[in-house]
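So the sequence shown is numbered by this note's numbering: it starts at 81 and just counts up by one. Cβ atoms here follow ideal geometry from the backbone N, Cα and C, with glycine treated the same way. Quick caveat, the model's predicted, so the values are computed rather than measured. Have a look at the structure below, then the notes.
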Amino acid sequence: MVPFHQIFGTQICYRYYTEINADVLSKTTIDAVYSYAVQNYCNGKWGFELKSYVGAVFAVPITGDKQLKTLSIVCKSVEIYVRIPSRPEYINGVVKCPNKTTKVY
Numbered sequence: 081m082v083p084f085h086q087i088f089g090t091q092i093c094y095r096y097y098t099e100i101n102a103d104v105l106s107k108t109t110i111d112a113v114y115s116y117a118v119q120n121y122c123n124g125k126w127g128f129e130l131k132s133y134v135g136a137v138f139a140v141p142i143t144g145d146k147q148l149k150t151l152s153i154v155c156k157s158v159e160i161y162v163r164i165p166s167r168p169e170y171i172n173g174v175v176k177c178p179n180k181t182t183k184v185y
């Protein structure tokens, strides 16, 4: 069996990727970026629990100002072996994790 530190040290258990908000084609600016750490096959070395993660950074206008502030969140799936968690949401000034996830940061 491969030692724990080698599996995660070489990062063969997670696949990492980033997406921008889906409706960006209709906009001239990007207002959200989503990052994922999704469990992977681990080169056949299952036997421990893996959870998938999703994080988001939202660019939010400051009322009465021409500047933006950023709000971020990281969420972890509550179920093991979830392929891709849903995206976090920014609604009415609140950033929240999607269903079946918990807030990590």
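Which stretch, first to last residue, makes up the beta strand (DSSP E) that contains THR143?
Position 63 of the sequence shown, counted from the start, is the residue given in the question as residue 143. Element bounds for THR143: n/a, residue is neither H nor E.
Endpoints, the beta strand (DSSP E) within which LYS183 is located
Counting from 1 along the sequence shown, the entry for residue 183 is found at position 103. Note, LYS183: beta strand (DSSP E), 181-183.
Between which two residues does the beta strand (DSSP E) carrying SER115 extend?
Indexing the sequence shown from 1 puts residue 115 at position 35. Taken as a continuous stretch (DSSP letters only), the beta strand (DSSP E) holding SER115 covers 112-119.
Local conformation of LEU151 per DSSP, three classes:
For this step, residue 151 is matched to residue 71 along the sequence shown. LEU151 falls in the strand class under three-state DSSP.
Give the straight-line distance between the Cα atoms of ARG51 and LEU151, rounded to the nearest whole angstrom.
There is no way to answer for residue 51, as the model of the chain reaches only from 81 to 185.
Cα-Cα, which of VAL174, CYS177, PRO168, ASN172 is closest to GLU99?
Translated into positions along the sequence shown, residue 99 becomes position 19. Residue nearest to GLU99 within the set VAL174, CYS177, PRO168, ASN172 is PRO168 (criterion: CA-CA distance).
Where the beta strand (DSSP E) through GLU169 begins and ends
Counting from one through the sequence shown, the residue named residue 169 turns up at place 89. From DSSP, the beta strand (DSSP E) with GLU169 extends over 169-171.
Same chain, Cβ closer than 8 Å to CYS155, neighbours up to 5 away in sequence not counted
Along the sequence shown, read from residue 1 onward, the residue named residue 155 stands at position 75. So the list reads TYR133, VAL134, GLY135, PRO165, PRO168, CYS177, PRO178, THR181, THR182, LYS183, VAL184, once near-sequence residues are dropped.
Beta-carbon within less than 6 Å of TYR116's beta-carbon, same chain only, minus the 5 sequence neighbours each way: which residues are those?
Walking along the sequence shown from the start, residue 116 turns up at place 36. TYR97, VAL134, listed in sequence order.
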